[in-house]
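Peer 1: 309 is the number of the first residue of the sequence shown in the numbering used here; add one for each residue after it.
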Amino acid sequence: MSDYPSYPPPPPPDGPGGYGQPIRTEPPPSINTSMNIIWAVLALQVITTILSFTYLDELLQASNVAPADEDTARTIAMIVSVLTFLIFGGLWLLLGVFLRKGRNWARIVLTVLTAFGLLLGVVGVLGEQPVIFLISGLVQMALYVALLYFMWRPDSSAYLTGQRA
């Protein structure tokens, strides 16, 4: 016979979720707002892509393309516009999903992309373009600034780094 009437009790769990696993919490409002801003950026990009087809002739004139090369430039511009939207739109959406799941690396990558977008936005605003693209660029830069603000709020940082707010 042993000294114990039965097996000893298991050790207590290490974390709030038991056995070292944290409880999965819902993202804070600032992360949800960040995701909504990402949706707004994507919607604005859809509108801008459609507008780029509408204003393609004006954009080609502003870029000083030779008349003989206009058809080729028009085709290339349309293909590049759609491919750019699909690639970067998919990337932004994927990063937004990972941000909402609590992945801090997604916030860092989004911050780099947003900073790059702000730099390109400043260059774009200073260039010659139809007014509608100027307005679109300014709205997009405002969305980028708002995204940076909400992604780096204290409750977002606590959620993404696993600390209590």
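C-beta: ideal position from N, C-alpha, C; glycine also.
Whole angstroms is fine: what's the gap from Val354's alpha carbon to Phe441's?
Peer 2: In the sequence shown, counting from the first residue as 1, residue 354 sits at position 46. In the sequence shown, counting from the first residue as 1, residue 441 sits at position 133. Straight-line Cα distance between these residues: approximately 13 Å.
Peer 1: Determine the contact status of Phe406 and Ala414, defining contact as a CB-CB distance below 8 Å.
Peer 2: Locating residue 406 in the sequence shown gives position 98, counting from the first residue. Locating residue 414 in the sequence shown gives position 106, counting from the first residue. Taking 8 Å as the Cβ cut-off, Phe406 and Ala414 qualify as a contacting pair.
Peer 1: Express the C-alpha separation of Gly397 and Thr383 in angstroms, rounding to a whole number.
Peer 2: Counting from 1 along the sequence shown, the entry for residue 383 is found at position 75. Counting from 1 along the sequence shown, the entry for residue 397 is found at position 89. Whole-angstrom Cα-Cα distance: 21 Å.
Peer 1: Return yes when the Cβ of Val349 is within less than 8 Å of the Cβ of Leu446, no when it is not.
Peer 2: As a working mapping, residue 446 is identified with position 138 in the sequence shown. As a working mapping, residue 349 is identified with position 41 in the sequence shown. Cβ distance not < 8 Å, so Leu446 and Val349 don't count as in contact.
Peer 1: Could you compute how far the alpha carbon of Val420 sits from the alpha carbon of Gly470?
Peer 2: One-based indexing of the sequence shown puts residue 420 at position 112. One-based indexing of the sequence shown puts residue 470 at position 162. When rounded, the distance between both Cα atoms is 22 Å.
Peer 1: With DSSP run on the structure shown, which of helix, strand or coil describes Tyr467?
Peer 2: Taking the first residue of the sequence shown as 1, we reach residue 467 at position 159. DSSP places Tyr467 in helix when its eight states are reduced to three.
Peer 1: Could you give the residue range of the alpha helix (DSSP H) that holds Tyr363?
Peer 2: Locating residue 363 in the sequence shown gives position 55, where the first residue counts as 1. Where Tyr363 is concerned, there is no enclosing alpha helix (DSSP H), given that its DSSP letter is neither H nor E.
Peer 1: List in chain order: all unbroken alpha helix (DSSP H) runs of 4+ residues lying wholly within the segment 367 to 436.
Peer 2: 378 to 408, 412 to 434
Peer 1: Spatial neighbours of Ser266 within its chain, please: C-beta separation below 7 Å, excluding the five flanking residues on both sides.
Peer 2: The requested residue 266 is not part of the displayed model; the chain covers only 309 to 473.
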